[in-house]
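*Asks:*
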């Protein structure tokens, strides 16, 4: 993939150190680690905060939102088992960092954001400044994007009070949804596989803390 940003040895070294940290924390999928290692996370920060960009921390990006902790991005991505060509719906574009990781894995990404300022910023930063080209949408992610369904994978990057049934209906048979579910203080990561038209298998995993998923089928 050809990028429009300047990538120097300092940033490359910082990304390598971040990948090493994620590997030590248990991320085992080398394709996911390689994707994380390619995305220039400092492009989501003002220059004043570039030194924070490759630390394994979340960071405020405005509009009450954060750029996700790299470990969280890697964790959710690893659960999805992305294959090149997979059609992926991302609920909550946010900064666009997770979007870039999905694109690096070869996914065809449909990403939706409800905050107009974030949507406008990311719609410019990703394709113009960085060379990434997902399909952008502005709207209520809690109801998905039915017009482009079904999807191989759906990833929700905000905490929901429950798994929205409307999203499950937008999965292909054999498709998977990854979503944090709980209250506004903490959520359990949940994977849901659609094994048949009306048959779903759910697994509840580790505890995380996300910003709330706001919308008609959420908070």
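In the working numbering, the protein residues as written are 19 to 237.
The C-beta atom is built at its ideal place from N, Cα and C for all residues, glycine as well.
These figures come from a predicted structure and were not determined experimentally.
1) Assign residue 234 to one of three DSSP states: helix, strand, or coil.
2) Output the distance between the C-alpha atoms of residue 53 and residue 100, rounded to the nearest integer angstrom.
3) Given a cut-off of 7 angstroms on the beta-carbon distance, is the pair residue 175 and residue 83 in contact?
4) With H, G and I counted as helix, E and B as strand and the rest as coil, what does DSSP make of residue 203?
5) Within 10 angstroms of the Cβ of residue 208, are there 16 or more other Cβ atoms? Answer buried if so, exposed if not.
6) Output needed for residue 118: all residues of its chain with C-beta closer than 6 angstroms, excluding positions within five of it in sequence on either side, in chain order.
7) Give every residue of the same chain whose Cβ lies closer than 6 angstroms to the Cβ of residue 110, excluding the five residues on either side of it in the sequence, and list them in chain order.
8) Could you work out which residue in 43, 95, 212 and 63 is closest to residue 168 when comparing CA atoms only?
9) Tell me the start and end of each unbroken alpha helix (DSSP H) in the segment 82–143 that is at least 4 residues and wholly inside, in chain order.
*Replies:* On the basis of the data shown:
1) Here the question's residue 234 lines up with position 216 in the chain shown. Three-state result, residue 234: coil.
2) Counting from 1 along the chain shown, the entry for residue 53 is found at position 35. Counting from 1 along the chain shown, the entry for residue 100 is found at position 82. So the two alpha carbons sit approximately 11 angstroms from each other.
3) Here residue 175 corresponds to residue number 157 of the chain shown, with the count starting at 1. Here residue 83 corresponds to residue number 65 of the chain shown, with the count starting at 1. No; because the gap between Cβ atoms is not below 7 angstroms, this pair is not in contact.
4) Against the chain shown, residue 203 aligns to sequence position 185. Three-state result, residue 203: coil.
5) Your numbering for residue 208 matches position 190 in the chain shown. Classification for residue 208: buried.
6) Working through the chain shown from its first residue, we reach residue 118 at position 100. Result list for residue 118: 57 and 150, in chain order.
7) What you label residue 110 is simply residue 92 of the chain shown in a count that begins at 1. Once the five neighbours on either side are set aside, the close Cβ partners of residue 110 are 159, 175 and 176.
8) On the chain shown, position 150 is the one that residue 168 refers to. Nearest of 43, 95, 212 and 63 to residue 168, Cα basis: 212.
9) 88–98, 115–122 and 134–142
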